[in-house]
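**Q** One structure, pasted below without further comment.
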Amino acid sequence: MTQSSASPPAGDVAGTDAGAGVLRLDRITKVFGSLVANDAVSLDLRPGEIHCLLGENGAGKSTLMNQLYGLLQPDGGEILLDGAPVRFANPRQAIDAGIGMVHQHFMLVDVFSVAENIVLGREPGRGGILDLRAARRLVREMSERYRLEVDPDARVEDLPIGVQQRVEILKALSNDARFLVFDEPTAVLTPQETDELIEVMRALRDEGRAIVFITHKLREVRAIADRITVIRRGRVVGEAAPSASESELAEMMVGRAVSLRVDKTPAQVAGARLEVEHLTVTSPDGVVVVDDVDLEVAGGEILCVAGVQGNGQSELAEALLGVVPASRGRIRLDGTDLSRATPRRRLRAGMGFVPEDRKHDGFVGSFTVAENMVLNHVDAFADRGLLRLGDIRSHAETLTEQFDVRTQSVETPVASLSGGNQQKVVLARELSRPLSLLIASQPTRGVDVGAIEFLHQRIVQERDKGTAVLIVSTELDEVSALADRIAVMYRGRVVGVVDADTSREVLGLMMAGVPHEEAVRSASVTTVAEEEQKLEAEVAEHVAELEGSGPAGPGLEGGGSGV
Amino acid sequence: MVSELLGWVLRRLGRWVPWRDVLITALAFVLAFLVGAVLMIVSDPAVVGQYAYLFTAPQLPLGASWEKVSSAYAALVAGSVGGWVPLTETTAQAAPLICAGLGVGLAFRAGLFNIGAQGQAVVGAMAAAWVGFSWHLPPGIHLVVAVTFGMLAGAVWGGIAGVLKARAGAHEVIVTIMLNYIATGLLAFALTTTAFQRPGRADPISPVVDWNATMPRLEGSRLHLGFVLALAAAVLVWFLMERSVAGFTIKSVGLNPHAARTAGMSVSSSTVLAMLIAGALAGLAGVQAALGPNVSGTPTPLSGGLVGSIGFDAITVALLGRSRPLGTVLAGLLFGGLHAGGLAMQSQAQTSAELTTVLQALIVLFVAAPALVTTVVPFLKARRAPLTGTTPTGGLSS
Chain P
125 MTQSSASPPA
135 GDVAGTDAGA
145 GVLRLDRITK
155 VFGSLVANDA
165 VSLDLRPGEI
175 HCLLGENGAG
185 KSTLMNQLYG
195 LLQPDGGEIL
205 LDGAPVRFAN
215 PRQAIDAGIG
225 MVHQHFMLVD
235 VFSVAENIVL
245 GREPGRGGIL
255 DLRAARRLVR
265 EMSERYRLEV
275 DPDARVEDLP
285 IGVQQRVEIL
295 KALSNDARFL
305 VFDEPTAVLT
315 PQETDELIEV
325 MRALRDEGRA
335 IVFITHKLRE
345 VRAIADRITV
355 IRRGRVVGEA
365 APSASESELA
375 EMMVGRAVSL
385 RVDKTPAQVA
395 GARLEVEHLT
405 VTSPDGVVVV
415 DDVDLEVAGG
425 EILCVAGVQG
435 NGQSELAEAL
445 LGVVPASRGR
455 IRLDGTDLSR
465 ATPRRRLRAG
475 MGFVPEDRKH
485 DGFVGSFTVA
495 ENMVLNHVDA
505 FADRGLLRLG
515 DIRSHAETLT
525 EQFDVRTQSV
535 ETPVASLSGG
545 NQQKVVLARE
555 LSRPLSLLIA
565 SQPTRGVDVG
575 AIEFLHQRIV
585 QERDKGTAVL
595 IVSTELDEVS
605 ALADRIAVMY
615 RGRVVGVVDA
625 DTSREVLGLM
635 MAGVPHEEAV
645 RSASVTTVAE
655 EEQKLEAEVA
665 EHVAELEGSG
675 PAGPGLEGGG
685 SGV
Chain S
349 MVSELLGWVL
359 RRLGRWVPWR
369 DVLITALAFV
379 LAFLVGAVLM
389 IVSDPAVVGQ
399 YAYLFTAPQL
409 PLGASWEKVS
419 SAYAALVAGS
429 VGGWVPLTET
439 TAQAAPLICA
449 GLGVGLAFRA
459 GLFNIGAQGQ
469 AVVGAMAAAW
479 VGFSWHLPPG
489 IHLVVAVTFG
499 MLAGAVWGGI
509 AGVLKARAGA
519 HEVIVTIMLN
529 YIATGLLAFA
539 LTTTAFQRPG
549 RADPISPVVD
559 WNATMPRLEG
569 SRLHLGFVLA
579 LAAAVLVWFL
589 MERSVAGFTI
599 KSVGLNPHAA
609 RTAGMSVSSS
619 TVLAMLIAGA
629 LAGLAGVQAA
639 LGPNVSGTPT
649 PLSGGLVGSI
659 GFDAITVALL
669 GRSRPLGTVL
679 AGLLFGGLHA
689 GGLAMQSQAQ
699 TSAELTTVLQ
709 ALIVLFVAAP
719 ALVTTVVPFL
729 KARRAPLTGT
739 TPTGGLSS
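Read top to bottom, the protein sequences are chains P and S.
Throughout the first sequence, residue numbering follows the numbering used here, covering 125 to 687 in sequence.
Throughout the second sequence, residue numbering follows the numbering used here, covering 349 to 746 in sequence.
This is the structure in structure tokens:
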């Protein structure tokens, strides 16, 4: 295979004795300004083990891994490889030491072929001439060996996301990575692709590699982790065994009991409020991104639009508000035709809009919390064109209290708030006025688990007031928590509108373009309840396997600062 | 209770007065004056000649340098703030800069780079002067009408750029630069036509503006109505930006057009409105040049160079004032002072007029590049946190 120049001693990675082959992060501390991103975090990566790093957004998981990968330098503590301290000044050194990283945002060159991408950085060949044949052979050998099917000649941009991820994995493996870090790998995958990835990770573990799996999704963790370390606010708060329940894990992650299910009564559906017919959106470069979509949302129900990122959901939401022009179709809200109306008129007609990218579209960063809370209905806080500052202020004070926005004052610029609080500002603004339709794209992206619970409750409350609610989300957890009905989108079309208790497996197939009936026929489970049972059985099996083979203690260990 | 109140006042002050910026600006001056001093020494052959004795008789070159630099800066101070008349000269120089600077700053805050203040000022001056010398209206009314026409002309000139940007997507920088050329050419051409050219004159100069259309001044000084108008304009701009829905919209669009559009605001009408107001303000600067009394207190005629480079200096003034009305007034006064003092430097200390221009440029250079100041003065780096409560000059001595 490759002649990696500075290969570490353990060429055969199947070392089983405790000391050798272990990578230890010892009391790693990283400080950014006044923020302690990592506070004396210790972590062992052992061969033949899948170690889950569980924590909320911003808990410091990625910061920790970036230090391991040489992208950041620790301010305190050290990294020990086989018991000897090492320093990685850059990713090259980390790679040479056997560390591989599968990034959340793939580090691939879109217009290169798979083979070219994999050998990128240490191209085989002589005298500056790239030996593509050797590269292709390498890819074929590796994809056979690891059962990761890819065509070495395919261009990366033509591949589905799941396959692109395989290329990333192969790239890490081609460097002889003994320690593989997966940074939120499932965020972009369909349920089926996630299952496949889990199989790959298991195979790699069984080969004797050490795997770090970073995630905030509890369901995945329990199915595959051999060990779970929970990080909260930059500190290790404890280890958990995979037998721990989801709510136990969530409690460790958040620091208090959280309910993972949204309390909601069955929808009291009134008549249709939003009616969309033949809506078609063409992007400026001529691609049809929303293709002849028909939708109806009734008052008092939540319709979730599910789908893998980039299948036209965002454009659908933007076309409903009118910030993206529709090339065809009709939009009616409470019987009024708004197809050609400006965003301003649609907002006045009772549309609430939570944009997908809140920093970009949701607020003005250097404006204060108070100003942002009236951004799209400032006229209601003005007399003859003059602002009523007192009212704006008291409006903001009421809302920050109601929505528990953590801010120094309402005069603080929104940009200095945390992501979760920024999202609360946007949602509070939308829910503060009478709505007939609420459109929310990725309403809880980047928001803490604790805040998600709260935001979901507010959305359900809005539904119960009789508002029609349309949620666009790529997170199936969110979809199943909120939806009364689910519309699945694939390549700009609505593949089908299904009941809320449809299983992830069926939804996943639909997200890949399979029509509903066919998906139901080929899926092993079709309802959420059946799927839960199946998952529990899998976890039980996994736990039994662990207990039979290793000394992993059951239940929770530690809980305070178990460093 | 008292301490609470005091704490509240200090917090308010800390929020409203950006101490760090004040300190950096002050340091920018010091650095600019230091570099300016070096330039003065180097550019004077007599002083440079003394440096042959640097090792034998160091007091000679050092004394000559000190003499040169101190007399020049003394003249600068005397000419700008050294007494009532110099002070009013400063206000007279500052008034048009403030007006045009407000226009440029307002456009900045709307997300527009308005290079066209010059052209807007030129057409403003043309309109105001034309009304001033060709119409003959009663006292008071004549001035009001002339000022209004001047501002309207500026607004139209700015509005053209705004409409082209909003409707056709034409970049405002290119459009306003071209409109500057057109305005300058138009003025030169107009002064050769019978409508503008003074009867019996062959050179491009207009009749003198009526006394009724000339801004009244305080007898025996250079302080005239223009400065009052400039201050009023600053207050109005502040009120517009901080207290009105229109200002709220303009700022939103300027800071984040995507979020503004998503919030239902019309980016194009905000653009047009901002350019109309910016043009009117720059037009007012032109009005001041046309209707302000000259040094001897008498009305002025319109000529090709009457507006000078007000519109371009205004960009610097707006940058220096961080596009805020108060900042623009202060920056305008500073530039007015440098203009006024520069004249004195020239006449009293035999320093070249170009040097004051160099000084201005240096100040702006240092102010516009805070990173440069913090690099030159390293101790500032350690104080990234806001310097709330400490006096801005406290840092200078260390």
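We treat Cβ as the ideally placed atom computed from N, Cα and C, and that holds for glycine.
For Thr626 (chain P), which residues does DSSP report across the bridge?
**A** P:Thr651, per the DSSP bridge assignment.
**Q** Consult DSSP for Met497 (chain P) and reduce its assignment to one of helix, strand or coil.
**A** Here Met497 (chain P) sits in coil by DSSP.
**Q** Name the chain P residues that come within less than 7 Å of His606 (chain S), Cβ to Cβ?
**A** Simply His484 and Asp485.
**Q** Applying a beta-carbon distance threshold of less than 9 Å, which residues of chain S neighbour Leu445 (chain P)?
**A** Simply Thr610 and Gly612.
**Q** Pick out whichever of S:Asn604, S:Leu539 and S:Ala448 has its Cα sitting closest to the Cα of Ala550 (chain S).
**A** The candidate whose alpha carbon is nearest that of Ala550 (chain S) is S:Leu539.
**Q** Any beta carbon of chain S sitting closer than 7 Å to that of Leu94 (chain P)?
**A** No statement about residue 94 (chain P) is possible, as the shown extent of chain P runs from 125 to 687 and does not include it.
**Q** Under a CB-based cut-off of 7 Å, is Ala506 (chain P) close to chain S?
**A** Cβ-Cβ to chain S under 7 Å: yes for Ala506 (chain P).
**Q** Quick check on the burial criterion: 16 or more other C-beta atoms within 10 angstroms. Buried or exposed for Gln636 (chain S)?
**A** By the neighbour-count rule (16 or more Cβ atoms within 10 Å), Gln636 (chain S) is buried.
**Q** Extract the residue ranges of the alpha helix (DSSP H) inside the segment 592-623 of chain P, only unbroken runs of 4 or more that lie entirely within it.
**A** Those alpha helix (DSSP H) runs which fall completely within the segment 592-623 of chain P and span 4+ residues are 600-606.
**Q** Can you list the residues of chain P that Arg591 (chain S) reaches, using a CB-CB cut of under 7 Å?
**A** Within chain P, the residues near Arg591 (chain S) are Leu510 and Leu511.
**Q** Just to confirm, are Val400 (chain P) and Ile338 (chain P) a CB contact at a threshold of 7 Å?
**A** Their beta carbons are not under 7 Å apart, which means Val400 (chain P) does not touch Ile338 (chain P) by this criterion.
**Q** With a cut-off of 8 Å on the beta carbons, I'd call Leu70 (chain P) and Ala504 (chain P) a contact; round off their distance for me.
**A** Residue 70 (chain P) is absent from the model: chain P starts at 125 and stops at 687.
**Q** Can you round the beta-carbon distance between Leu460 (chain S) and Ala622 (chain S) to whole angstroms, since I take them to be within the 8 Å contact cut?
**A** Between Ala622 (chain S) and Leu460 (chain S) the Cβ distance is about 6 Å, and since that is below 8 Å, they are a contact.
**Q** Mark Gly672 (chain P) as exposed unless 16 or more other C-beta atoms lie within 10 angstroms of its C-beta, in which case mark it buried.
**A** Gly672 (chain P) is exposed by the Cβ-count criterion.
**Q** With contact counted as at least three CB pairs below 8 Å, one residue from each stretch, are the segment 539-558 of chain P and the segment 457-468 of chain P in contact?
**A** No contact exists between the segment 539-558 of chain P and the segment 457-468 of chain P.
**Q** At 3 residues or longer, what runs of the beta strand (DSSP E) sit wholly inside the segment 260-327 of chain P?
**A** The qualifying runs are 303-307.
**Q** Could you tell me whether the Cβ of Ser671 (chain S) comes closer than 7 Å to any Cβ of chain P?
**A** Output row for Ser671 (chain S): interface = no.
**Q** Report the start-end ranges of each beta strand (DSSP E) in the segment 444-477 of chain P that is 3 residues or longer and not cut off at the edges.
**A** Runs of the beta strand (DSSP E) inside the segment 444-477 of chain P: 452-457.
**Q** Does chain P have any CB closer than 7 Å to the CB of Phe596 (chain S)?
**A** By this cut-off, Phe596 (chain S) is an interface position.
**Q** Between Val644 (chain P) and Val622 (chain P), is the Cβ-Cβ spacing less than 7 Å?
**A** It is not a contact, given that the beta carbons lie outside the stated cut-off.
**Q** Answer with yes or no whether the minimum CB distance from Arg468 (chain P) to chain S is below 7 Å.
**A** At least one chain S Cβ lies under 7 Å of Arg468 (chain P).
**Q** For Ser748 (chain S), return the contacting residues in chain P, with the cut-off set at a CB-CB distance below 8 Å.
**A** Examination of residue 748 (chain S) is not possible in this model, given that chain S is present from 349 through 746 alone.
**Q** What does Leu603 (chain S) touch in chain P if you count any residue whose Cβ is under 9 Å from its own?
**A** Neighbours of Leu603 (chain S) on chain P, chain order: Val488, Gly489, Ser490 and Phe491.
**Q** Since Leu471 (chain P) meets chain S, which of its residues come closer than 7 Å, beta carbon to beta carbon?
**A** Per Cβ cutoff of 7 Å: Gly612.
**Q** Roughly how many angstroms lie between the CA atoms of Ser371 (chain P) and Arg346 (chain P), to the nearest whole one?
**A** Those two C-alpha atoms are separated by around 12 Å.
**Q** Could you tell me the alpha carbon to alpha carbon distance between Arg290 (chain P) and Arg670 (chain S), rounded to whole angstroms?
**A** Going by the C-alpha atoms only, they are around 50 Å apart.
**Q** Interface residues of chain S around Val502 (chain P) at Cβ under 7 Å?
**A** Going along chain S in sequence order, the residues near Val502 (chain P) (Cβ under 7 Å) are Val593 and Phe596.
**Q** Taking 7 Å as the CB-CB cut-off, is Pro408 (chain P) touching chain S?
**A** No - not a single Cβ of chain S is within 7 Å of the one on Pro408 (chain P).
**Q** Starting from the C-beta of Thr123 (chain P), find all residues in its chain whose C-beta is less than 7 Å away, skip the five residues before and the five after it, and write them out in chain order.
**A** Because chain P is modelled from 125 through 687, residue 123 (chain P) falls outside the range shown and cannot be assessed.
**Q** Can you name the residues of chain S whose CB is closer than 9 Å to the CB of Pro479 (chain P)?
**A** Neighbours of Pro479 (chain P) on chain S, chain order: His606, Ala607 and Thr610.
**Q** Can you check DSSP and say which residues form a bridge with Gly362 (chain P)?
**A** Answer by DSSP bridge pairing, in chain order: P:Val354.
**Q** Within the continuous beta strand (DSSP E) that includes Arg148 (chain P), where are the two ends?
**A** Unbroken beta strand (DSSP E) run through Arg148 (chain P): Leu147 to Phe156.
**Q** Helix or strand or just coil, what does DSSP make of Met589 (chain S)?
**A** Note: Met589 (chain S) maps to helix in three-state DSSP.
**Q** Of all the options P:Phe491, P:Glu525, P:Val573 and P:Met377, which has the alpha carbon lying nearest to the alpha carbon of Ser540 (chain P)?
**A** Minimum Cα distance to Ser540 (chain P) is reached at P:Phe491.
**Q** Taking all protein chains shown into account, decide if Ala442 (chain S) is buried (16 or more other Cβ within 10 angstroms of its Cβ) or exposed.
**A** That one is buried.
**Q** With Ser463 (chain P) and Gly453 (chain P) assumed to form a contact (beta carbons below 8 Å), what rounded beta-carbon distance in angstroms separates them?
**A** Yes, they are in contact, since the Cβ atoms of Ser463 (chain P) and Gly453 (chain P) sit about 7 Å apart, within 8 Å.
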